[in-house]
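Chemist: If you read the sequence shown in UniProt numbering, its first letter stands for residue 1, the second for the next number, and so on.
Starting off with a structure, shown below.
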Amino acid sequence: MRLSVIGCGYLGAVHAAAMASIGHEVIGIDVDERKIATLSRGEAPFFEPGLQEILTDGIASGHLRFTTDMAEASGAEVHFVGVGTPQQKDGYAADLSYVNAAIDGLLPFLSPGDIVAGKSTVPVGTAADLTPRVEATGATLVWNPEFLREGWAVQDTIDPDRLVVGVPAGEPGVTAAGVLREVYHPAVAKNTPFIVTDLATAELVKVAANAFLATKISFINAMAEIAEVTGADVTQLADAIGHDSRIGRRFLGAGIGFGGGCLPKDIRAFSARAEELGRGESVAFLREVDAINLRRRDRAVDLVVDAFGGSVFKKNVTVLGAAFKPHSDDIRDSPALDVAVRLHGLGAWVTITDPAALENAERMHPQLNYVADRDEALRGADAVIIVTEWDEYRRQLSPQHAGELVTGKVIVDGRNCLDASAWRAAGWEYYGMGRP
Ligand code: UDX
1 MRLSVIGCGY LGAVHAAAMA SIGHEVIGID VDERKIATLS RGEAPFFEPG LQEILTDGIA
61 SGHLRFTTDM AEASGAEVHF VGVGTPQQKD GYAADLSYVN AAIDGLLPFL SPGDIVAGKS
121 TVPVGTAADL TPRVEATGAT LVWNPEFLRE GWAVQDTIDP DRLVVGVPAG EPGVTAAGVL
181 REVYHPAVAK NTPFIVTDLA TAELVKVAAN AFLATKISFI NAMAEIAEVT GADVTQLADA
241 IGHDSRIGRR FLGAGIGFGG GCLPKDIRAF SARAEELGRG ESVAFLREVD AINLRRRDRA
301 VDLVVDAFGG SVFKKNVTVL GAAFKPHSDD IRDSPALDVA VRLHGLGAWV TITDPAALEN
361 AERMHPQLNY VADRDEALRG ADAVIIVTEW DEYRRQLSPQ HAGELVTGKV IVDGRNCLDA
421 SAWRAAGWEY YGMGRP
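See the structure below:
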């Protein structure tokens, strides 16, 4: 099939390359000339496992092309819209200007029978607002939310847990759902659940899923706060409640909380949208989810400060991690970097290292000391804090080896990812999050 993908950021670039890898003819379109030039050379503009390979193959085979010219969308049967919906500068609501610009730019090149498939995360009701403009061209607007996780984006796109397509009522909707089944043929052939809904439900599925995940993380972090005043261990608690299959162990990782380009902004945008709909109280708990999440960053900073008896002034603190999570170079709303910046603000000499996100972090916060080599970063530290659970720190760093490099054997485990007893046995003062 011939597909266009409007917006070649995280979502769009991965989607375009993944669709080409399953046999479609894909044109990726973006207004950013530099991004298009990079992608056209077959270079991944960000770190994402597997992306480089499918980009290279797609470009080499000629099935995947990138352009800044929206006119090249014409002739495609399905147009995916995957532009960003960032948080507005002056509030919590989502900024829909990129979505509107993408749709308006696409309209002149649509033909009757085309399908426009929105993938961006949008406030519920957005698709209904956009529908008249799209339908005036004879095309059909559907909403096909994306659930990809950074670090697993290629796999999540080609082989997702489920596919959700929101369609308009009547024949055009039925036809469009059938076309989307063809687009996602490998997943459909594997009997991946393919859920057809109305437009509003599809939009809500995405924000509800992210709100649930954020709530799950903040729930366990709230338990960590209780554990901290009672001497209980939140990781054992998570293991124990996680065995209940109705609860499940995943996303019960207590620590410095969630960040990234999705969960924080999506729960805020959801709250803002619910307020607009007169149902703010229905999701009032999301404010609490956000507040708990941010408190955990304070807690991590306090643990370091307390380890020095109340002040980190002129102490060498090595921060392991900058990305908002492992397998990513993304630092958007990264709790890791936030903790590092706060320690710096308290007068510590902060050295930060990360296997993938160092350049992005340095561009954003040039005041910190960046060291690419992990061992070099550890040398002479008075305390160490692990804030992104990369394997390089979690599995491949032994407490004995680290102990030979540092000046002070103090470790704060901001992700509860280390074996506390092994670190203590090696002479370290170990502090976890919600663990005695
Ligand atoms: C998320 C959703 O998972 C994905 O479905 C959606 O499409 C986009 O948003 P992503 O932002 O890539 O994906 O990251 P995710 O793996 O969900 O992690 C989010 C944050 O939560 C990270 O900062 C991570 O460190 C944190 N987290 C995750 C925890 O603090 N504890 C956990 O148990 C799990």
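The beta carbon of each residue, even a glycine, is placed where N, CA and C say it ideally should be.
Since we're looking at a predicted model, the values are computed, not measured.
Look at Ala136 and Phe109 and say whether their C-beta atoms are less than 8 Å apart.
Modeler: Position 136 of the sequence shown holds residue 136. Position 109 of the sequence shown holds residue 109. Result no, Cβ atoms of Ala136 and Phe109 do not sit closer than 8 Å.
Chemist: Leu320 and Asp234 - do their beta-carbons sit closer together than 8 Å?
Modeler: Within the sequence shown, numbered from 1, the residue matching residue 234 stands at position 234. Within the sequence shown, numbered from 1, the residue matching residue 320 stands at position 320. Looking at the sequence provided, one finds Val at residue 234 rather than Asp. By the CB criterion at 8 Å, Val234 and Leu320 fall outside the cutoff.
Chemist: Given Val305, which residues of its chain have a CB within under 6 Å of its CB, disregarding the five upstream and five downstream residues?
Modeler: Residue mapping note: residue 305 aligns to position 305 of the sequence shown, counting from 1. The residues are Val312.
Chemist: Inspect the beta-carbon positions of Gly242 and Gly248 and report whether they are closer than 8 Å.
Modeler: One-based indexing of the sequence shown puts residue 242 at position 242. One-based indexing of the sequence shown puts residue 248 at position 248. Closer than 8 Å, so yes.
Chemist: Which partner residues of Leu337 appear in the DSSP bridge assignment?
Modeler: Walking along the sequence shown from the start, residue 337 turns up at place 337. Partner(s): none; Leu337 has no beta bridge.
Chemist: Compute the beta-carbon to beta-carbon distance between Ile59 and Gly42, rounded to the nearest angstrom, for a pair I have assumed lies under 8 Å.
Modeler: Within the sequence shown, numbered from 1, the residue matching residue 59 stands at position 59. Within the sequence shown, numbered from 1, the residue matching residue 42 stands at position 42. About 4 Å separates the two Cβ atoms, so the contact holds.
Chemist: In this structure, does DSSP put Met423 in helix, strand or coil?
Modeler: Within the sequence shown, numbered from 1, the residue matching residue 423 stands at position 423. Per the sequence shown, residue 423 should be read as Trp rather than Met. Note: Trp423 maps to helix in three-state DSSP.
Chemist: Quick check: residue 440 and Val5, are their CB atoms within less than 8 Å of each other?
Modeler: No answer is possible for residue 440: the residues shown for the chain start at 1 and end at 436.
Chemist: What is the residue span of the beta strand (DSSP E) that His327 lies within?
Modeler: Translated into positions along the sequence shown, residue 327 becomes position 327. From DSSP, His327 is part of no beta strand (DSSP E); its letter is neither H nor E.
Chemist: Among Leu148, Ala76, Asp129, whose alpha-carbon lies nearest the alpha-carbon of Pro160?
Modeler: Reading the sequence shown from its first residue, position 160 is the one you call residue 160. Nearest C-alpha to Pro160: Leu148.
Chemist: So, with DSSP's three-state summary, where would you put Asp233?
Modeler: Here residue 233 corresponds to residue number 233 of the sequence shown, with the count starting at 1. Three-state DSSP puts Asp233 in coil, outside helix and strand.
Chemist: Smallest Cα separation from Gly345: which of Ala322, Asp354, Gly414, Lys315?
Modeler: Counted from its first residue, the sequence shown places residue 345 at position 345. If we check each option's Cα against that of Gly345, Lys315 comes out closest.
Chemist: Please list the terminal residues of the continuous beta strand (DSSP E) segment that includes Phe80.
Modeler: Position 80 of the sequence shown, counting from 1, holds the residue named residue 80. From DSSP, the beta strand (DSSP E) with Phe80 extends over 78–81.
Chemist: Could you check whether the stretch 363–371 touches the stretch 387–398, counting it as contact only if at least three pairs of C-beta atoms, one from each stretch, sit closer than 8 Å?
Modeler: no
Chemist: Is there at least one non-hydrogen atom of the ligand UDX closer than 7 Å to the beta-carbon of Arg149?
Modeler: By one-based count along the sequence shown, residue 149 stands at place 149. At least one heavy atom of the ligand UDX lies closer than 7 Å to the C-beta of Arg149.
Chemist: Which two residues bound the contiguous beta strand (DSSP E) that contains Ser4?
Modeler: By one-based count along the sequence shown, residue 4 stands at place 4. Taken as a continuous stretch (DSSP letters only), the beta strand (DSSP E) holding Ser4 covers 2–6.
Chemist: Could you tell me the alpha carbon to alpha carbon distance between Ile386 and Ala238, rounded to whole angstroms?
Modeler: As a working note, residue 386 is residue 386 in the sequence shown. As a working note, residue 238 is residue 238 in the sequence shown. Taking the straight line from one Cα to the other gives about 20 Å.
Chemist: Under a three-way DSSP split, which group does Glu48 fall into?
Modeler: Numbered from its first residue, the sequence shown carries residue 48 at position 48. Correct three-state label for Glu48: coil.
Chemist: Does the stretch 220–230 touch the stretch 172–181, meaning 3 or more C-beta pairs lie closer than 8 Å?
Modeler: no
Chemist: Under a three-way DSSP split, which group does Glu389 fall into?
Modeler: Reading the sequence shown from its first residue, position 389 is the one you call residue 389. It is coil, neither helix nor strand.
Chemist: Roughly how many whole angstroms lie between the Cα atoms of Ala208 and Gln52?
Modeler: Counting from 1 along the sequence shown, the entry for residue 208 is found at position 208. Counting from 1 along the sequence shown, the entry for residue 52 is found at position 52. Computed Cα separation, rounded: 31 Å.
Chemist: Under the assumption that Ile292 contacts Leu252 (Cβ atoms under 8 Å), give the Cβ distance between them as a whole number of angstroms.
Modeler: Walking along the sequence shown from the start, residue 292 turns up at place 292. Walking along the sequence shown from the start, residue 252 turns up at place 252. Their Cβ separation, rounded to whole angstroms, is 14 Å, which puts Ile292 and Leu252 out of contact at 8 Å.
Chemist: In whole angstroms, what is the alpha-carbon distance linking Arg162 and Thr192?
Modeler: Residue mapping note: residue 162 aligns to position 162 of the sequence shown, counting from 1. Residue mapping note: residue 192 aligns to position 192 of the sequence shown, counting from 1. Straight-line Cα distance between these residues: approximately 6 Å.
Chemist: Could you name the residues that DSSP lists as bridge partners for Glu25?
Modeler: Residue numbering aside, residue 25 sits at position 25 when the sequence shown is read from its first letter. In DSSP, Glu25 forms a bridge with Arg2.
Chemist: When you compare the CB positions of Asp354 and Ala322, do they come within less than 8 Å of one another, or not?
Modeler: As a working mapping, residue 354 is identified with position 354 in the sequence shown. As a working mapping, residue 322 is identified with position 322 in the sequence shown. In this structure, Asp354 places its C-beta atom within 8 Å of the C-beta atom of Ala322.
Chemist: Are the CB atoms of Ile103 and Thr140 within a distance shorter than 8 Å?
Modeler: The residue given as residue 140 occupies position 140 in the sequence shown. The residue given as residue 103 occupies position 103 in the sequence shown. Taking 8 Å as the Cβ cut-off, Thr140 and Ile103 do not qualify as a contacting pair.
Chemist: Please confirm whether any heavy atom of the ligand UDX lies closer than 7 Å to the CB of Phe80.
Modeler: Along the sequence shown, read from residue 1 onward, the residue named residue 80 stands at position 80. Checking the Cβ of Phe80 against the ligand UDX gives no.
Chemist: I'd like the span of the beta strand (DSSP E) that includes Ile195, first residue to last.
Modeler: Translated into positions along the sequence shown, residue 195 becomes position 195. 194–197 is the span of the beta strand (DSSP E), which, as asked, contains Ile195.
Chemist: Can you list the beta strand (DSSP E) stretches of 3 or more residues lying completely in the stretch 127–190, in chain order?
Modeler: List check, beta strand (DSSP E) in window: 140–143, 163–166.
Chemist: Tell me whether Ala127, by its Cβ, gets closer than 7 Å to a heavy atom of the ligand UDX.
Modeler: Here residue 127 is taken as the residue at index 127 of the sequence shown, counted from 1. Outside the cutoff, so no.
Chemist: Is Phe324 a contact residue of the ligand UDX, with contact defined as CB to any heavy atom under 7 Å?
Modeler: To locate residue 324, count along the sequence shown from 1; it is residue 324. For the ligand UDX, at least one heavy atom lies less than 7 Å from the Cβ of Phe324.
Chemist: Consider the C-beta atom of Glu392 and the heavy atoms of the ligand GDP; say whether any pair is separated by less than 7 Å.
Modeler: You won't find the ligand GDP in this model; what it holds is the ligand UDX.
Chemist: Report the three-state DSSP secondary structure of Phe66 (helix, strand or coil).
Modeler: Indexing the sequence shown from 1 puts residue 66 at position 66. Three-state DSSP puts Phe66 in a strand.
Chemist: Can you tell me whether Lys190 is buried or exposed? The criterion is at least 16 other CB atoms within 10 Å of its CB, across all chains shown.
Modeler: Indexing the sequence shown from 1 puts residue 190 at position 190. Lys190 should be labelled exposed.
Chemist: Please determine whether the Cβ atom of Gly403 lies at a distance below 7 Å from any heavy atom of the ligand UDX.
Modeler: Here residue 403 refers to the residue found at position 403 when the sequence shown is read from its first residue. Result no, Cβ not under 7 Å from the ligand UDX.
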